[in-house]
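Trainee: Here the protein sequences line up with chains A and B, keeping their order. As numbered in my numbering, residues 3 to 345 make up the first sequence, in order. As numbered in my numbering, residues 212 to 535 make up the second sequence, in order.
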Amino acid sequence: MSADKKRLSLGSIVRRPETGSVIGLVAVFLFFAIFGQITFLSAAGAASWLNVAATIGIVALPVGLLMIAGELDISIGSMIPASSMIFAISSGYFELPIGVGIAAALCFGLLVGFINGYLTLRTGVHSLIVTLGTLFAVAGLTLTMSVALTGTTSVAVQSPPFIKATMGDFINGIYQVTIFWWMLWAIVLGFVLHFSPIGNWILALGGDKESARNAGIPTQRLTIGLFALSSFSAAFVGVNQAILFNSAQVSAGMSYIFNTIVCVVVGGVLLTGGYGTVVGIVLGTMTFSIVNQGIYFTSFNANLASLIIGVLTLAAVVMNNSFRQMALTYAPKKAEKKAEKAE
Amino acid sequence: MRMKNLVAAATLAAGSFVAAAHMAVAADIALISGKPDDTFFQPVKKGVDDARTVVELTGGTVNYMQLVNYDNLGPDAANLIRTAVGQGVDGLVIADWVPDSMDVAIKEAIAAGVTVMLYNSGNIEKANELGAINYVGSDEYQAGLGAGVYFTDLGYKNILCVNHVPGSFPLETRCNGVLEAAKAAGAASEQLPLPPTQADNAASVAQAIKAALLTDPSIDAILTLNPAVADWAASGIMQAGKTNSVAFGSFDMNEAGLNRIKDGTQLFAIDQQPYLQSFLAVTLLNSYLEYGLTLPTMPVLTGPGIVDASNIDATLAGVQNGAR
Numbered sequence: 003m004s005a006d007k008k009r010l011s012l013g014s015i016v017r018r019p020e021t022g023s024v025i026g027l028v029a030v031f032l033f034f035a036i037f038g039q040i041t042f043l044s045a046a047g048a049a050s051w052l053n054v055a056a057t058i059g060i061v062a063l064p065v066g067l068l069m070i071a072g073e074l075d076i077s078i079g080s081m082i083p084a085s086s087m088i089f090a091i092s093s094g095y096f097e098l099p100i101g102v103g104i105a106a107a108l109c110f111g112l113l114v115g116f117i118n119g120y121l122t123l124r125t126g127v128h129s130l131i132v133t134l135g136t137l138f139a140v141a142g143l144t145l146t147m148s149v150a151l152t153g154t155t156s157v158a159v160q161s162p163p164f165i166k167a168t169m170g171d172f173i174n175g176i177y178q179v180t181i182f183w184w185m186l187w188a189i190v191l192g193f194v195l196h197f198s199p200i201g202n203w204i205l206a207l208g209g210d211k212e213s214a215r216n217a218g219i220p221t222q223r224l225t226i227g228l229f230a231l232s233s234f235s236a237a238f239v240g241v242n243q244a245i246l247f248n249s250a251q252v253s254a255g256m257s258y259i260f261n262t263i264v265c266v267v268v269g270g271v272l273l274t275g276g277y278g279t280v281v282g283i284v285l286g287t288m289t290f291s292i293v294n295q296g297i298y299f300t301s302f303n304a305n306l307a308s309l310i311i312g313v314l315t316l317a318a319v320v321m322n323n324s325f326r327q328m329a330l331t332y333a334p335k336k337a338e339k340k341a342e343k344a345e
Numbered sequence: 212m213r214m215k216n217l218v219a220a221a222t223l224a225a226g227s228f229v230a231a232a233h234m235a236v237a238a239d240i241a242l243i244s245g246k247p248d249d250t251f252f253q254p255v256k257k258g259v260d261d262a263r264t265v266v267e268l269t270g271g272t273v274n275y276m277q278l279v280n281y282d283n284l285g286p287d288a289a290n291l292i293r294t295a296v297g298q299g300v301d302g303l304v305i306a307d308w309v310p311d312s313m314d315v316a317i318k319e320a321i322a323a324g325v326t327v328m329l330y331n332s333g334n335i336e337k338a339n340e341l342g343a344i345n346y347v348g349s350d351e352y353q354a355g356l357g358a359g360v361y362f363t364d365l366g367y368k369n370i371l372c373v374n375h376v377p378g379s380f381p382l383e384t385r386c387n388g389v390l391e392a393a394k395a396a397g398a399a400s401e402q403l404p405l406p407p408t409q410a411d412n413a414a415s416v417a418q419a420i421k422a423a424l425l426t427d428p429s430i431d432a433i434l435t436l437n438p439a440v441a442d443w444a445a446s447g448i449m450q451a452g453k454t455n456s457v458a459f460g461s462f463d464m465n466e467a468g469l470n471r472i473k474d475g476t477q478l479f480a481i482d483q484q485p486y487l488q489s490f491l492a493v494t495l496l497n498s499y500l501e502y503g504l505t506l507p508t509m510p511v512l513t514g515p516g517i518v519d520a521s522n523i524d525a526t527l528a529g530v531q532n533g534a535r
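1) Any idea if histidine 233/B is buried or exposed, counting beta-carbon neighbours within 10 angstroms, 16 or more meaning buried?
2) Would you say aspartate 431/B touches the ligand FAD, meaning its beta carbon is less than 7 Å from a heavy atom?
3) Taking the alpha carbon of threonine 264/B as the point to measure from, which residue in Ala528/B, Asn497/B and Gly516/B has its own alpha carbon closest?
4) Taking only runs of the alpha helix (DSSP H) that begin and end inside the segment 250-338 of chain B, which ones reach a length of at least 4 residues, in chain order?
5) Name, going along the chain, the residues of the segment 250-266 of chain A whose beta-carbon falls closer than 8 Å to a beta-carbon of chain B.
6) Going residue by residue through the segment 358-400 of chain B, where are the continuous beta strand (DSSP E) segments of at least 3 residues, counting only ones entirely within it?
7) Cutting at 8 Å between CB atoms, please list the residues of its own chain near isoleucine 82/A, excluding the five before and the five after it.
8) Would you verify that the beta carbon of tryptophan 308/B is, or is not, closer than 8 Å to some beta carbon of chain A?
9) Compare the Cα-Cα distances from isoleucine 70/A to each of Gln327/A, Trp203/A, Ser85/A and Glu97/A and report the closest residue.
10) What does the alpha-carbon distance come out to for the pair glycine 245/B and tyrosine 367/B?
11) Beta carbons nearer than 8 Å to chain A: which residues of the segment 399-416 of chain B have them?
12) Determine the closest residue to leucine 436/B out of Ile448/B, Thr384/B, Ala451/B and Gly447/B, with distance taken between C-alpha atoms.
13) Measure from the C-beta of isoleucine 165/A to each C-beta in chain B and report whether the shortest distance is under 8 Å.
14) Would you mind telling me which residues of chain A sit closer than 8 Å to proline 377/B, beta carbon to beta carbon, in chain order?
15) How is phenylalanine 96/A classed by DSSP in three states: helix, strand or coil?
16) Use the C-beta contact count for glycine 459/B: other C-beta atoms within 10 angstroms, 16 or more gives buried, fewer gives exposed.
17) Output, in sequence order along the chain, the residues in the segment 419-445 of chain B whose CB is closer than 7 Å to any CB in chain A.
18) For tyrosine 187/B, report the span of its beta strand (DSSP E) as first-last.
19) How close, in whole Å, do the beta carbons of proline 510/B and asparagine 334/B come, if the pair is a contact with beta carbons under 8 Å?
20) Roughly how many angstroms separate the alpha carbons of isoleucine 76/A and isoleucine 245/A, rounded to a whole number?
21) For alanine 295/B and alanine 343/B, I'd like the C-alpha separation in whole angstroms.
22) Check whether chain A comes within 8 Å of asparagine 470/B, counting only Cβ atoms and requiring the distance to be less than that.
23) Terminal residues of the continuous beta strand (DSSP E) containing leucine 434/B?
24) Is it the case that the segment 151-158 of chain A contacts the segment 85-92 of chain A, given that we only count it when at least three CB pairs across the two stretches are under 8 Å?
25) In chain B, which residues lie with their C-beta within 7 Å of the C-beta of threonine 168/A?
26) Could you list the residues in the segment 272-298 of chain A with a C-beta less than 7 Å from some C-beta on chain B, going in chain order?
27) Where does serine 80/A sit, in a helix, a strand or coil, going by DSSP?
28) When you compare only the Cα positions, how much space is there between alanine 445/B and alanine 417/B?
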């Protein structure tokens, strides 16, 4: 990034995709620090929104990458409970080794992701519709198989200490280890998007699919890979939830669809693709989680959380649009032009 | 051909009219149930499946109709009632979840000659008002009261009632029951509403409950109204570091909940025995339609039963069979 080469002007900051999300994050944090009780600022208060941010964040990151590439994946809503159930039924109900359950769940994630990507490419139908189809198909399959195999829609599962410690434990009894997985996801995907050629491919793909293909970018493999990544991440969260709460349900997860999209949009990613950063998505996820959980530390009615999130999303979209306009219409002054070219 | 059938049908109808309802009519019964992925309704379905054997013995049928989701509960359920009536059922087993939108449809069904049995949600006053023959189920208010009394008898002073569908009449009624029990014992009770945008997000619900415990340290008892929410609440209580100091009870149960009762981290579960609700409702309605039999017991209460350390082993056996 060349921000340090040229002088850090107000304009150059404002044009970055994550500016809006920083403003949003600071605003909601201050809001709840003032209106929330002192416990909001305590370690347990921080854990409260960090834990939620981590589980949503692991899915929001690859969904964000997909959106940057101009696609959408809503099948994650049924992928999370599906993988939970696959894991719980394998390792809990049938008492297979824990590794088998985890592997089966994650492989199913990859498979669904592959199907999403393949169908999107083959049919030319928008991925919203394709993944809408897999959303319902996977949900129906999960339900049918769960009832057929176990006779119930909720299965208990106990994990051995090692798996519990790495996947579903609490540090100091309050911080989910999922937070570290989220950090790992963010670092790896941040590297991929911003420091590897694949990142440029993703941005190019979202900017203009035709040109990207003509430029020799392997758009097909890239698209399938991104879908596989988001389904895999959703499957990971599903397994993680089952380990964490010692139980899996057929229905838990539909709220992730909209929640991840909100996180990504608040994080400054453009729905139409070609614009966004990993830092932005992380910040957007934190903002979302602070609003969602912060409300419980205030005396306000919890039902207001949805209202705040709605307003915040709209504000983010409007802000992002104007920042993007600034970025697109910006013509550097002569002195800055050289630095820009070096980029 | 068509005319012939019509005449035959008319003769048959007239014949059965003369013979009143005491001739076997091979009753076609429909039962309207919750959404397929709602854990609570699995035993309901098993109850229907078992009752079907009895109904089929007398030549009748049972149609198990399900809601797709709860996003538009009242109108959707009302439409299912109208669908069933349109299919020409003789008897209808229905839960009155949202009286404002469903009562009209139920009255229409009765006016169209369908015999209605209320189950799961409602009470006998409602059944009488609508013209349903009976109510089979738990009394939500009594159940909430029972849960509240369980806590206050043990000396707990501030009960948090976690409502995962704010605005749902049965759930509000449960929390009101808890509140009344608390008041009577000089204790306090409040509701924690979970917005629909996060009511199915495990981490989010767990954190909401933890936050409530941290911001109000006087809360010493928690009641959840659904087995999945109970799983997440257990984690929230643990994260607040209050597994040993906060008493925890839930409506309904799943395997994980029963395990908690067994190992002592959950105090009790309120059991309304959903299997019995559908099984009894269908078989009673069938007996009425086939033989004109009625029970003097009104309502037929299937709950509240309480599962705690004292009867956990027998309950676990029922869960294995899918009946609980």
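Even for Gly, the Cβ is constructed at its ideal location relative to N, Cα and C.
Mentor: Per the coordinate set shown:
1) In the second sequence, counting from the first residue as 1, residue 233/B sits at position 22. For histidine 233/B, the pLDDT reaches just 44, beneath the cut-off of 50, and the residue's location in the model is therefore unreliable, although a value from the coordinates is still provided. With fewer than 16 other Cβ atoms within 10 Å, it is exposed.
2) The ligand FAD is not part of the structure shown, which contains no ligands of any sort.
3) The residue given as residue 264/B occupies position 53 in the second sequence. The option with the nearest alpha carbon to threonine 264/B is Asn497/B.
4) 252-268, 284-297 and 310-322
5) Gln251, Val252, Ser253, Ala254, Gly255, Met256, Ser257, Tyr258, Phe260 and Asn261
6) 369-374
7) Position 80 of the first sequence, counted from the start, is the residue given in the question as residue 82/A. Taken in chain order, the residues that qualify are Val61, Ala236, Ala237, Val239, Gly240, Gln243, Ala254, Gly255 and Tyr258.
8) Mapped onto the second sequence, residue 308/B falls at position 97. Not an interface residue.
9) Reading the first sequence from its first residue, position 68 is the one you call residue 70/A. For isoleucine 70/A, the nearest C-alpha among the options comes from Trp203/A.
10) Here residue 245/B refers to the residue found at position 34 of the second sequence. Here residue 367/B refers to the residue found at position 156 of the second sequence. So the two alpha carbons sit approximately 34 Å from each other.
11) Leu403, Pro404, Leu405, Pro406, Pro407, Thr408, Gln409, Ala410, Asp411, Asn412, Ala413, Ala414 and Ser415
12) As a position in the second sequence, residue 436/B is number 225, starting the count at 1. Of the candidates Ile448/B, Thr384/B, Ala451/B and Gly447/B, the one whose C-alpha sits nearest the C-alpha of leucine 436/B is Thr384/B.
13) Stepping through the first sequence from its first residue, residue 165/A is reached at position 163. It does not; no Cβ of chain B falls within 8 Å.
14) Counting from 1 along the second sequence, the entry for residue 377/B is found at position 166. Chain A residues near proline 377/B: Asn305.
15) Residue mapping note: residue 96/A aligns to position 94 of the first sequence, counting from 1. In this structure, phenylalanine 96/A counts as coil in the three-state DSSP scheme.
16) Counting from one through the second sequence, the residue named residue 459/B turns up at place 248. Just to set this straight, residue 459/B is phenylalanine in the shown sequence, not glycine. That one is buried.
17) Ala419, Lys421, Ala422, Ala423, Leu425, Thr426, Pro438, Ala439, Asp442 and Trp443
18) Since the first and last residues shown for chain B are 212 and 535, residue 187/B lies out of range.
19) Here residue 510/B corresponds to residue number 299 of the second sequence, with the count starting at 1. Here residue 334/B corresponds to residue number 123 of the second sequence, with the count starting at 1. Right, their Cβ atoms sit about 6 Å apart.
20) In the first sequence, the residue the question calls residue 76/A occupies position 74. In the first sequence, the residue the question calls residue 245/A occupies position 243. C-alpha separation (whole angstroms): 23 Å.
21) The residue given as residue 295/B occupies position 84 in the second sequence. The residue given as residue 343/B occupies position 132 in the second sequence. Each residue's alpha carbon lies about 16 Å from the other.
22) In the second sequence, the residue the question calls residue 470/B occupies position 259. Yes, asparagine 470/B counts as interfacial toward chain A.
23) Walking along the second sequence from the start, residue 434/B turns up at place 223. Start and end: 432-435.
24) yes
25) Here residue 168/A refers to the residue found at position 166 when the first sequence is read from its first residue. Correct list: empty, because the minimum Cβ distance to chain B is about 17 Å.
26) Asn294, Gln295 and Tyr298
27) Your numbering for residue 80/A matches position 78 in the first sequence. If DSSP states are grouped into helix, strand and coil, serine 80/A belongs with the helices.
28) Numbered from its first residue, the second sequence carries residue 445/B at position 234. Numbered from its first residue, the second sequence carries residue 417/B at position 206. Taking the straight line from one Cα to the other gives about 8 Å.
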